[in-house]
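Residue numbers (the UniProt record's numbering): 1 to 208.
Ideal Cβ positions, reconstructed from N, Cα and C, are used throughout, including at glycine.
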């Protein structure tokens, strides 16, 4: 047997070699337990709309757009997997509305409420412009306002004055576009309303 080498005097003994650690598998991504499972998960309000009976769904949709044909079409095309799908379907249905459908929707509209701010003169001018608009076009003035409440009165008054110069054909097109935008905002609110805390999992559990 060959002699075992000894360390030189004054040096510590060499440690015995250690076994190599096992190869690590692929790292698992960290998931925040409080994070949503997917950005595509429908909100609770959309799940409620998808599960509602047809008559209830139509009634809810009519609060977003007052055209019955639009509401029935939207209810018939459920379920909507995402809010984006809901909005895309709403836009498509809005573009297909006939003038009579738009007129029906306008009959369900009220004058756009504004914040209680601004001068008395501005509010007086606004009321006069609303009256002139309704006298000319035969329906209420509708507008999809920006998010800044402070600018709402000025934006409405400026838009009223500009649109009073339109002929009937041009104003009909502008009104239909404003209704479409207003409908999108209302649908977002409808989809975000609170529902069953179990969300869409409840609907999935009852799906055959």
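Rounded distance between the beta-carbons of residue j and residue i, thought under 8 Å
i	j	result
residue 101	residue 70	7 Å
Inter-residue spacing [alpha-carbon to alpha-carbon] between residue i and residue j
i	j	result
residue 132	residue 169	17 Å
residue 151	residue 85	31 Å
residue 164	residue 136	8 Å
residue 160	residue 72	32 Å
residue 142	residue 58	22 Å
residue 187	residue 147	16 Å
residue 82	residue 156	32 Å
residue 45	residue 189	8 Å
residue 93	residue 130	28 Å
residue 177	residue 171	10 Å
residue 108	residue 41	32 Å
residue 194	residue 162	39 Å
residue 50	residue 119	45 Å
residue 76	residue 123	42 Å
Top-ranked residue by Cα proximity to residue i, from the options
i	options	result
residue 62	179, 148, 136	179
residue 48	79, 73, 65	79
residue 175	188, 148, 138, 154	138
residue 183	55, 52, 51, 91	91
residue 276	172, 154, 95	Lying outside 1 to 208, the shown extent of the chain, residue 276 is not represented and no answer is given.
residue 65	171, 119, 158, 95	95
residue 125	158, 192, 193, 55	158
residue 98	181, 41, 167, 67	67
residue 144	162, 181, 173, 127	181
residue 106	127, 89, 140	140
residue 173	52, 88, 42, 103	103
Start and end residues, alpha helix (DSSP H) containing residue i
i	result
residue 64	No alpha helix (DSSP H) contains residue 64, which DSSP labels as neither H nor E.
residue 104	99-107
residue 110	Residue 110 -> no alpha helix (DSSP H), and no H or E assigned at all.
Please give the ranges of any alpha helix (DSSP H) in the region 125-193, keeping only runs that are unbroken, at least 4 residues long and fully inside the region.
Listed in chain order, the alpha helix (DSSP H) runs fully inside the region 125-193 are 152-163, 168-192, counting runs of at least 4 residues.
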